[in-house]
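First the structure, in the form of structure tokens, and then the observations on it.
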Amino acid sequence: MPPSLTKNDARRESCFGRAALYTDPMCGQFLALKAWRDFLISLGMTDEAVAEVLNDVVKPTDAYPIVTAGPRLMHARWGLIPGWAKATPKAATFNARIETAAEKPTFRDAFARRHALVPVAGFYEWHQGRRHRITRRDGEPLVLAGLWEGDTFTILTRPARAQMAALHDREPVMVGRRQWQGWLDNSLFDPAVPPDDLFDIVDDDAAPVQDTLF
-18 MPPSLTKNDA
-8 RRESCFGRAA
2 LYTDPMCGQF
12 LALKAWRDFL
22 ISLGMTDEAV
32 AEVLNDVVKP
42 TDAYPIVTAG
52 PRLMHARWGL
62 IPGWAKATPK
72 AATFNARIET
82 AAEKPTFRDA
92 FARRHALVPV
102 AGFYEWHQGR
112 RHRITRRDGE
122 PLVLAGLWEG
132 DTFTILTRPA
142 RAQMAALHDR
152 EPVMVGRRQW
162 QGWLDNSLFD
172 PAVPPDDLFD
182 IVDDDAAPVQ
192 DTLF
């Protein structure tokens, strides 16, 4: 452990590097969506080409396709870097709290002007040294609320409800199909909370123990 970090700080080290600390340690890995064509068709985007996502499991700083206003497909890196930043932020910016995003200098401009949809097959959360895979019960993609700036993006989180609260006190903000357009055109700022039984949570026994990171 670096001498400048406390034990608790070390447990929050992020994938941006040893000096970068989590500000909101939630949703640190997600499963890449494979059924992109079906998702784009549902948005009326029939001519867009999705670049190959090299990893099934996407982590902070990895490149991943997102959908922005238009709608338009954009390939961006996970971890929002504001335009005014002269260097990679020391605090990890792959998640932003929806309750405070409008006030935080790092996120407030993107929250006001640049919303994105981040469709994923699922995401991971660690609890008591075990990794849990969270997907939708109906097999459909989880469409997460994102913000973007330049060629980077972040995923918004909110307080966890019944299902997720057993694993973490936060959960990603979901955007329902009827809210996609409102979110993308920046007329919607607080997507409706999905049903409590949306998730299928599976203890991923084959996963290595990583609870010191996520």
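Each residue of the sequence shown is one higher than the last, beginning at -18 in the numbering used here.
All C-beta atoms in this analysis are idealised placements derived from N, C-alpha and C, irrespective of residue type, glycine included.
Item	Value
Test item: CB-CB of R118 and D178 under 8 Å	yes
For E106: DSSP bridge partner residues	H113
G127 versus S23 - alpha carbon distance	18 Å
F11 versus D185 - alpha carbon distance	13 Å
Host beta strand (DSSP E) of W129 (start-end)	123 to 130
Residue ranges of each beta strand (DSSP E) within the stretch 151 to 189, 3 or longer	151 to 153, 180 to 184
Exposed unless 16 or more other CB atoms sit within 10 angstroms - verdict on N76	buried
Cβ contact check for the stretch 154 to 172 and the stretch 95 to 102: 3 or more pairs under 8 Å	yes
Unbroken beta strand (DSSP E) run spanning L137, endpoints	133 to 140
Residue closest to T69, alpha-carbon to alpha-carbon, out of P100, T133, V101	T133
Length-filtered (3 minimum) beta strand (DSSP E) runs lying within the stretch 64 to 98	76 to 78
Exposure of P176, with buried meaning 16 or more beta-carbon neighbours within 10 Å	exposed
Where R53 sits in the DSSP three-state scheme	strand
Neighbour-count burial assignment, E130, 16 or more Cβ in a 10 Å radius	buried
Outcome for R139 when other beta-carbon atoms lying within 10 angstroms are tallied against a minimum of 16	buried
Separation of F20 from D36, as counted between CA atoms	Looking at the sequence provided, one finds Asn at residue 36 rather than Asp. Answer to the nearest angstrom: the Cα atoms are 19 Å apart.
Cβ-Cβ separation, P41 to G64 (assumed contact under 8 Å), whole Å	Not really, about 19 Å apart at Cβ, beyond 8 Å.
Local Cβ density within 10 Å of T81, reported as buried at 16 or more and exposed below that	exposed
Rounded distance between the beta-carbons of F180 and Q144, thought under 8 Å	5 Å
T116 burial status per 10 Å Cβ neighbour count (16 or more: buried)	buried
Terminal residues of the alpha helix (DSSP H) in which L12 lies	No alpha helix (DSSP H) holds L12; the beta strand (DSSP E) holding it covers 10 to 13.
C-beta atoms of P122 and L54 nearer than 8 Å	no
Spatial distance of L27 from R18 (CA atoms)	Before going on, a small fix: residue 27 reads as Thr here, not Leu. Whole-angstrom Cα-Cα distance: 8 Å.
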